[in-house]
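Adding 62 to a residue's 1-based position in the sequence shown gives its number in my numbering.
Ideal Cβ positions, reconstructed from N, Cα and C, are used throughout, including at glycine.
All values derive from a computational prediction rather than experimental measurement.
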Amino acid sequence: MRQTSPQILSPDSTGIVQAARFLRDGALVAFPTETVYGLGADACSGPAVAAIFDAKGRPSFNPLIVHLAQSDWARRYADWSELAERVADRFWPGPLSLVLPLKSGHNLSPLVTAGLPSVALRVPGHPTAQRLLDEFGSPVAAPSANPSGRISPTRADHVAMGLGNQVAAIVDDGPCSVGLESTIIGLDGPPRLLRPGGISHEELEHTLGQKILPAQTGAITAPGQMQSHYAPRARVRLNARSSKPGEVLLGFGPGKADLNLSATGDLREAAANLFEYLHKVDATGQPIAVASIPDVGLGRAINDRLRRAAAPR
Ligand code: TXA
Ligand code: MG
């Protein structure tokens, strides 16, 4: 965890180059979008994405929106469709996020999607966000740059007050024009409004040429809240000290394990490995025993997910 104050960068080329360099180093950079300031990290780096959850202090992993410089990039990460093309054509760049099936061979960290087989993509319209994404040249995961449960930041000093020493830098480009998070629609099934925002239901239906199912409360807007949503098929046993015959032991810290979330007991490293390892073990069809994880900081989010995985279903 960082303890120094963040660098405040101007939205000029020197600032953008520096911000992109921080992202390449795996550091967190807050940057303006037309909706709210985002807390950005390299979407392909597990440890960098884990740092987002750590900084926000969120007790669970929810999937994050992946920001792209251009619509063309979307095809690398999602199974693109005619419907996606239609809304992207009309609303990108802009305050709209699309949830689409994750494309095989994508190199995003599985932590970005919280292990889901879908991904939320957005091409922001803010020129500074675009220049940063362009300079970085790769997707950036970015939730709103506020501590969990607090108000979303629409100015750089909101970020500094809320997350200050948790970010390497803040690109300051004044207030955000929309001030409200992007509209999210799910196109990984029948079109569904997952989060209302600046772009209305009606506008979207008009462009899609079909009805959009309304937002549902609770579960769908935060899929992580569903009890066994990302559950592996195999049985999961928590707080294991050793494996029973046939089980694969997922370890934490020093000690024997078939796969170790973090041999050094580093919670960020464990978070970065969590979904990848669960998927890997699940593919073997063997039951999973997981060592106990300290219930502090990121450990709370890891335990939340493990409890869901182990929940009876
Ligand atoms: O305006 C915005 O969208 C801001 C700025 C920074 O771009 N970003 C933002 O990101 O609000 P974030 O990560 O806080 O939004 C995450 C939400 C999740 O809580 C969930 O509702 C939805 O996006 N989401 C992301 N991936 C999803 C998925 N695969 N399936 C369903 N919902 C998903
Ligand atoms: Mg938020």
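(request) Would you check whether the ligand MG has a heavy atom nearer than 7 Å to the C-beta of Ser206? (result) For the ligand MG, at least one heavy atom lies less than 7 Å from the Cβ of Ser206.
(request) Give me the Cα-Cα distance between Gly359 and Leu275, rounded to the nearest whole angstrom. (result) Gly359 and Leu275 have their C-alpha atoms spaced approximately 36 Å apart.
(message) Pairs of beta-carbons, one from the stretch 128-146 and one from the stretch 174-184, closer than 8 Å: are there three or more?
(response) The stretch 128-146 vs the stretch 174-184: in contact.
(request) May I have the straight-line CA-CA distance separating Val79 from Ala191, to the nearest angstrom? (result) Cα to Cα, the separation comes out at about 12 Å.
(message) Less than 7 Å between C-beta atoms, sequence neighbours within five positions excluded: which residues of the same chain meet that for Gln37?
(response) Limits of the chain in this structure are 63 at one end and 375 at the other, which puts residue 37 out of reach.
(request) On the DSSP bridge assignment, give the partners of Asn322 in chain order. (result) Its beta-bridge partners are Gly313.
(request) For Ala222, I'd like the list of residues in its chain whose CB is within less than 7 Å of its CB, leaving aside the five on either flank, ordered along the chain. (result) Within the same chain, Ala222 has close Cβ partners Pro68, Ile232.
(request) Could you check if Ile261 is buried or exposed, using at least 16 other CB atoms within 10 Å of its CB as the buried criterion? (result) Flag for Ile261 reads buried.
(request) Helix, strand or coil for Ser143, going by three-state DSSP, please let me know. (result) It is coil, neither helix nor strand.
(request) Please classify Asp328: does DSSP put it in a helix, a strand, or coil? (result) DSSP places Asp328 outside both helix and strand once states are collapsed to three, so it counts as coil.
(request) Compute the Euclidean distance between the alpha carbons of Met288 and Phe123, then round it to the nearest angstrom. (result) The pLDDT assigned to Met288 is 40, lower than 50, so where the model puts this residue is not dependable, and the model offers no usable value.
(request) Kindly indicate which residue of Gly88, Tyr99, Thr66, Ile114 has the alpha-carbon position closest to the one of Arg217. (result) In terms of CA proximity to Arg217, Tyr99 leads the group Gly88, Tyr99, Thr66, Ile114.
(request) With DSSP collapsed to three states, give me the class of Pro285. (result) The predicted model places Pro285 with a pLDDT of 43, which falls under 50 and marks its position as unreliable; any figure quoted below should be read in that light. Helix at Pro285.
(message) As a quick exercise: from Asp116, Pro316, Val202, Ala372, pick the residue whose alpha carbon is nearest that of Pro209.
(response) Cα-wise, what sits closest to Pro209 is Asp116.
(request) Identify every run of the beta strand (DSSP E) within the stretch 208-295, keeping only runs that are complete inside it and at least 3 residues long; order them along the chain. (result) Those beta strand (DSSP E) runs which fall completely within the stretch 208-295 and span 3+ residues are 231-233, 245-248, 254-257.
(request) Would you be able to state if there are at least three C-beta pairs under 8 Å between the stretch 302-310 and the stretch 87-107? (result) The stretch 87-107, when compared against the stretch 302-310, does not touch it at the 8 Å Cβ threshold.
(message) Considering only DSSP beta bridges, list what Ile70 is partnered with.
(response) For Ile70, the pairing in a beta bridge is given by DSSP as Ile232.
(request) With DSSP as the reference, please indicate the residues paired to Arg362 in a beta bridge. (result) Answer is none; Arg362 lacks a bridge partner.
(request) Express the C-alpha separation of Phe337 and Leu173 in angstroms, rounding to a whole number. (result) The straight-line gap from Cα to Cα measures roughly 6 Å.
(request) Report, in whole angstroms, the separation of the C-beta atoms of Glu331 and Pro109, which I expect to be a contact under 8 Å. (result) About 7 Å separates the two Cβ atoms, so the contact holds.
(message) At 4 residues or longer, what runs of the alpha helix (DSSP H) sit wholly inside the stretch 66-144?
(response) If one requires a minimum length of 4 residues, the alpha helix (DSSP H) runs lying completely within the stretch 66-144 are 75-86, 108-118, 136-139, in chain order.
(message) At a cut-off of 7 Å, would you count His188 as near the ligand TXA, judging by its Cβ distance to the nearest heavy atom?
(response) No, the beta carbon of His188 sits no closer than 7 Å to any heavy atom of the ligand TXA.
(request) Using DSSP bridges, identify the partner residues of Arg184. (result) Arg184 is bridged to His129.
(message) In whole angstroms, give me the CA-to-CA distance for Pro316 and Gly327.
(response) A direct Cα-to-Cα measurement between Pro316 and Gly327 gives close to 7 Å.
(request) Have a look at the DSSP bridge pairing and note the partners of Val149. (result) Answer is none; Val149 lacks a bridge partner.
(message) My output table needs one value for Leu178: the three-state DSSP class, helix, strand or coil.
(response) Assigned with DSSP and collapsed to three states, Leu178 falls in coil, not helix or strand.
(request) Look at the Cβ atom of Leu266, then the Cβ atom of Ile247, and state whether they are nearer than 8 Å. (result) Against a cut-off of 8 Å, the Cβ pair of Ile247 and Leu266 comes out as a contact.
(message) I'd like the span of the beta strand (DSSP E) that includes Pro163, first residue to last.
(response) Looking at the DSSP string, the run of the beta strand (DSSP E) that includes Pro163 is 158-163.
(message) Could you tell me the alpha carbon to alpha carbon distance between Ile355 and Ala334, rounded to whole angstroms?
(response) Between Ile355 and Ala334, the C-alpha separation is close to 14 Å.
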